[in-house]
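Asks: Sequence positions in the sequence shown follow my numbering and run 373 to 631.
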Amino acid sequence: MDSMSNLTGKTALVTGGSRGIGREICGHLAAAGALVAVHYASDESAAKETVAAIESAGGRAFPVQARFGEDGDVDAVISGLEAGLRARTGTAHLDILVNNAAISEGGESPESFDRLFAVNVRAPYFLIQRALPLMGEGGRVVNIGSGVTRIALPGELAYSMTKAAMETLTRNIANDLGARGITVNTVAPGPTRTERMAPFLDHPQAQAAVAANQALERVGTPADIAAVVTFLASDAAAWLTANILDATGGSYLGPKRLG
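1. Could you check whether Asn472 and Val386 sit closer than 7 Å to each other, using their CB atoms as the reference points?
2. How close, in whole Å, do the beta carbons of Leu638 and Ile468 come, if the pair is a contact with beta carbons under 8 Å?
3. Do you know whose CA, among Tyr412, Arg494 and Gly478, lies nearest Asp443's CA?
4. Tell me the DSSP bridge mates of Ile468?
5. Going straight from the alpha carbon of His411 to that of Asn492, what length do you get?
6. What runs of the beta strand (DSSP E), each 3 residues or longer, lie entirely inside the region 443-511?
7. Got a sec? Which residues, its chain only, sit under 8 Å from Gly631 by beta carbon, not counting five neighbours each side?
8. Output the distance between the C-alpha atoms of Ala406 and Gly562, rounded to the nearest integer angstrom.
9. Would DSSP call Thr602 helix, strand or coil?
10. Any heavy atom of the ligand PLP closer than 6 Å to the CB of Leu549?
11. In whole angstroms, what separates the C-alpha of Thr521 from that of Arg590?
12. Look up Gly631 in the DSSP assignment and say whether it is helix, strand or coil.
13. Taking 6 Å as the limit between beta carbons, can you name the residues of its chain near Leu499, skipping five residues before and five after?
14. Looking at C-alpha atoms only, which residue of Ala474, Val559, Arg543 and Ser451 is the closest neighbour of His465?
15. CA-CA distance, Ala560 and Glu539?
16. Measuring alpha carbon to alpha carbon, tell me which of Thr534, Glu528 and Gly519 ends up nearest Ala490.
17. Is it buried or exposed, Lys628, if we count other Cβ atoms within 10 angstroms and call 16 or more buried?
18. Compute the distance between the beta-carbons of Pro526 and Glu396, then report whether it is under 7 Å.
19. Rounded to whole angstroms, what's the CA-CA distance from Asp423 to Ala429? Just pull it up for me.
20. Is Val582 helix, strand or coil by DSSP?
21. May I have the straight-line CA-CA distance separating Arg458 from Leu529, to the nearest angstrom?
22. Within 10 Å of its beta-carbon, does Ser523 have 16 or more other beta-carbons around it, so buried, or fewer, so exposed?
23. What is the rounded straight-line gap between the Cα of Ala352 and the Cα of Val513?
24. Can you give the Cα-Cα distance for Leu379 and Asp574, rounded to whole angstroms?
25. Considering just the uninterrupted stretch of the alpha helix (DSSP H) at Thr551, what are its terminal residues?
26. If you drop the 5 nearest sequence neighbours on each side, which residues of the same chain put their C-beta closer than 7 Å to that of Gly517?
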């Protein structure tokens, strides 16, 4: 492994790490050498499976449970994180924070709108705030955004608003933390073959429609996104901060050929 991408001795917290893109991010970070805290909301078996898969591959990980959008959510994450890190390293030092947990449903009623913002914006905002005292020089914060902020997508207005808020958060926090050598970036995926998207993307017509709007002409995978996140967490990305990295495979760029 290239020394610039080696995360041996580093610690990481990945929210929403028990499935989908989050699970793949956990696996990639662990494979690069990091000790990974796998956050999950309610599916304990999925979190344990993620940890077991990492350990069977020679990595290190432990689960942390908290349901975002509820009172004490961030406190619960930090408490579980600190306990897990101290038990395994002797300190509560954190090197890498990946804000991946999010929900996409909601916005039709004031209650669902508030929950959408509570999970997608408020939780990562205050988690960054609480995690910073655990970080030293050269820490990494990676937020998972979405390519939907670049287009008008029917039915996704409220969700798009939450991801746009995270882009604003990324730029401002990056500016504040630059003096400490802490980088803050957002990775914006496009259509990705996760468990949630599989029922839709398993239809050949849906696959073809998505691929037709991609410069790379295929549907993204969780591994595609995890590779970008792992790069941003590494020393090789020390000069990258305040970026919104398009990881959509070149979605919605317009016609490929004219005439």
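Just so it is clear, CB atoms sit at the ideal spot from N, CA and C, and this is done for glycine as well.
Replies: So, from the data block:
1. Within the sequence shown, the letter at position 14 stands for residue 386. Within the sequence shown, the letter at position 100 stands for residue 472. Yes. Within cutoff.
2. This structure gives no information on residue 638, because the portion of the chain shown stretches from 373 to 631.
3. Position 71 of the sequence shown, counted from the start, is the residue given in the question as residue 443. It is Arg494 whose Cα lies nearest to the Cα of Asp443.
4. If you number the sequence shown from 1, residue 468 lands on position 96. Its beta-bridge partners are Ala384 and Arg512.
5. Counting from one through the sequence shown, the residue named residue 411 turns up at place 39. Counting from one through the sequence shown, the residue named residue 492 turns up at place 120. Taking the straight line from one Cα to the other gives about 15 Å.
6. You should have 468-471.
7. In the sequence shown, counting from the first residue as 1, residue 631 sits at position 259. Confidence at Gly631 is low in this model, with a pLDDT of 49, below 50, so the placement of that residue should be treated as unreliable; the coordinate-derived value is given next. Apart from sequence neighbours up to five positions away, no residue of its chain approaches Gly631 with a beta-carbon distance below 8 Å.
8. In the sequence shown, counting from the first residue as 1, residue 406 sits at position 34. In the sequence shown, counting from the first residue as 1, residue 562 sits at position 190. Cα to Cα, Ala406 sits roughly 26 Å from Gly562.
9. The residue labelled residue 602 in the question sits at position 230 within the sequence shown. Judged by DSSP in its simplified three-state form, Thr602 adopts helix.
10. What this structure holds is no ligand at all, so the ligand PLP is not there to describe.
11. As a working mapping, residue 521 is identified with position 149 in the sequence shown. As a working mapping, residue 590 is identified with position 218 in the sequence shown. So the alpha carbons of these two residues sit roughly 20 Å apart.
12. Looking up residue 631 in the sequence shown gives position 259. Its pLDDT being 49, under 50, Gly631 is placed unreliably by the model, and nothing is read from it.
13. Walking along the sequence shown from the start, residue 499 turns up at place 127. These residues qualify, in order along the chain: Val446.
14. In the sequence shown, counting from the first residue as 1, residue 465 sits at position 93. A check of alpha carbon separations from His465 across Ala474, Val559, Arg543 and Ser451 identifies Ser451 as the nearest.
15. Counting from one through the sequence shown, the residue named residue 560 turns up at place 188. Counting from one through the sequence shown, the residue named residue 539 turns up at place 167. Going by C-alpha positions, Ala560 is about 9 Å away from Glu539.
16. Taking the first residue of the sequence shown as 1, we reach residue 490 at position 118. The candidate whose alpha carbon is nearest that of Ala490 is Thr534.
17. Looking up residue 628 in the sequence shown gives position 256. With fewer than 16 other Cβ atoms within 10 Å, it is exposed.
18. Your numbering for residue 526 matches position 154 in the sequence shown. Your numbering for residue 396 matches position 24 in the sequence shown. Against a cut-off of 7 Å, the Cβ pair of Glu396 and Pro526 comes out as no contact.
19. Here residue 423 corresponds to residue number 51 of the sequence shown, with the count starting at 1. Here residue 429 corresponds to residue number 57 of the sequence shown, with the count starting at 1. Looking at the sequence provided, one finds Val at residue 423 rather than Asp. Rounded to the nearest angstrom, the two C-alpha atoms are 10 Å apart.
20. For the purposes of this step, residue 582 is taken as residue 210 along the sequence shown, with counting starting at 1. DSSP places Val582 within a helical segment (H, G or I) once states are collapsed to three.
21. Residue 458 sits at position 86 when you count from the first residue of the sequence shown. Residue 529 sits at position 157 when you count from the first residue of the sequence shown. Cα-Cα distance, rounded: 41 Å.
22. Taking the sequence shown and counting its residues from 1, one reaches residue 523 at position 151. Going by the sequence as given, residue 523 is Ile instead of Ser. Flag for Ile523 reads exposed.
23. This structure leaves residue 352 out entirely; the chain is present only between 373 and 631.
24. Here residue 379 is taken as the residue at index 7 of the sequence shown, counted from 1. Here residue 574 is taken as the residue at index 202 of the sequence shown, counted from 1. Spanning the two alpha carbons is a distance of roughly 35 Å.
25. Taking the first residue of the sequence shown as 1, we reach residue 551 at position 179. Residue identity check: residue 551 is Ala in the sequence provided, not Thr. For Ala551, there is no enclosing alpha helix (DSSP H), since its DSSP letter is neither H nor E.
26. Locating residue 517 in the sequence shown gives position 145, where the first residue counts as 1. Apart from the 5 residues on each side of it in sequence, Gly517 sits with its Cβ closer than 7 Å to the Cβ of Lys535, Met538, Glu539, Thr558, Val559, Ala560 and Ile616 in its chain, given in chain order.
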